[in-house]
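Using this note's numbering, read the sequence shown as starting at 228 and increasing by one per residue.
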Amino acid sequence: MTKLYYTQCHKLNYSQFKRGLSMLPVEFQKNILKYKRWQDSHASLYGKLLLKEGLAKMGFDCSLSEMKLTQFGKPYFANEKFSFNISHSDNYILCAISCEEKNSLGVDIEKVKEIDFNDFESIWCQNEKNKIVNREIFYDFWTRKEAIVKAIGMGMYFPLNKIDVSEPEVTCKGGVLHLRKVNLDPDYVVHMASSVKIQKVQLEYFSFPYN
Numbered sequence: 228m229t230k231l232y233y234t235q236c237h238k239l240n241y242s243q244f245k246r247g248l249s250m251l252p253v254e255f256q257k258n259i260l261k262y263k264r265w266q267d268s269h270a271s272l273y274g275k276l277l278l279k280e281g282l283a284k285m286g287f288d289c290s291l292s293e294m295k296l297t298q299f300g301k302p303y304f305a306n307e308k309f310s311f312n313i314s315h316s317d318n319y320i321l322c323a324i325s326c327e328e329k330n331s332l333g334v335d336i337e338k339v340k341e342i343d344f345n346d347f348e349s350i351w352c353q354n355e356k357n358k359i360v361n362r363e364i365f366y367d368f369w370t371r372k373e374a375i376v377k378a379i380g381m382g383m384y385f386p387l388n389k390i391d392v393s394e395p396e397v398t399c400k401g402g403v404l405h406l407r408k409v410n411l412d413p414d415y416v417v418h419m420a421s422s423v424k425i426q427k428v429q430l431e432y433f434s435f436p437y438n
C-alpha cells in the first residue's frame, strides 16, 4: 500500500508557527529555525508534520526522533518496515509513505512555469532531448528524474544525464525503478519512483488545525 499525504502551506502567525514547531523533536525545531526565508522554514515544518501524522494514521508507532540519515542525507527509520519521501513546490507539500518492505521510494512535485529548455540542457541524455518537444514532456521528465534520484537516496550526487526517464521503468544502480504519475493539481506535475511497482496511490489531504 502506498499513500500520498498532502497539504497546502500558508504563512502562519507567530503563535501558530510555534504551535506546529512544538509538535516536533527539539533537533528538528533547531534545524527549521535556521532557515532565513519563511517559505523554507514552513515547507520543512509542514513536511515533518505530514510525515508524523501520516505514520500515525497508518499505524506505525515511531517517533521522528528515531529518524536517521544516510551518507547522502536521505532520512530513514532503521527498524521500521516502511519507506517515505517528502517533496514540496510553491505552496504544496507532499509526503509519500509505502508499506512495502525493502522499497526504495521517491516523490517529486513541480509547479508548471515558463522555462527556457536551454537552461537544462546538461541534465538530459540524447534520447530524452529528442523527445522533449513541449513543456508538458519537460515537466514529466524533470519530476521523473527528481523522484528517481530521491528514491535511490543520492539526490544531486547522481548525474541526472545518466538516467533515461523516457520509459515508465528505469534501470538505475543495478535495479529497476517503476514510475507513476499522480494527478493532484492541473498546475503541478507529480511523479513517484519506487523499486516495488505501485498498483494504486491513495491520496489524502491534511488540514492542520493551525492553518
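Ideal placement from N, C-alpha and C gives every residue a C-beta, glycine not left out.
Check                                                                                                  : Outcome
Contact the region 395-410 vs the region 300-315: 3+ CB pairs below 8 Å                                : no
Exposure of Val253, with buried meaning 16 or more beta-carbon neighbours within 10 Å                  : exposed
Tyr232 - DSSP class collapsed to helix/strand/coil                                                     : strand
Euclidean distance between Cα positions of Cys236 and Phe433                                           : 11 Å
Touching by the beta-carbon criterion (3+ pairs, under 8 Å), the region 305-324 and the region 267-278 : yes
Cα-Cα separation between Ala378 and Leu411, rounded to whole angstroms                                 : 20 Å
For Asn330, the nearest candidate out of Ser422, Lys230, Gln266, Lys356 (CA to CA)                     : Ser422
Start and end residues, alpha helix (DSSP H) containing Gln298                                         : Looking at the DSSP string, Gln298 is not in any alpha helix (DSSP H), and its letter there is neither H nor E.
Cβ neighbour criterion (16 or more within 10 Å) applied to Leu239                                      : buried
Helix, strand or coil at Ala323 according to DSSP, with G and I counted as helix                       : strand
Simplified DSSP state of Asp335, which is helix, strand or coil                                        : strand
Expected contact under 8 Å - CB spacing of Ala374 and Asp335 to nearest Å                              : 4 Å
Three-way DSSP call (helix, strand, coil) for Ala420 in this model                                     : strand
Proximity below 8 Å, CB of Val339 to CB of Tyr415                                                      : yes
Beta-carbon proximity list for Met383, same chain, < 8 Å, skipping 5 on both sides                     : Val376
Per DSSP, the bridge partner or partners of His405                                                     : Glu396, Ser421
Distance between beta carbons of Val417 and Leu321, contact taken as under 8 Å                         : 7 Å
Ala323 versus Asp367: straight-line alpha-carbon distance, rounded                                     : 18 Å
For Val253, three-class secondary structure by DSSP                                                    : helix
Which of helix, strand or coil DSSP assigns to Tyr432                                                  : strand
Same chain only: Cβ atoms within 6 Å of Met228, ignoring 5 sequence neighbours per side                : Cys326
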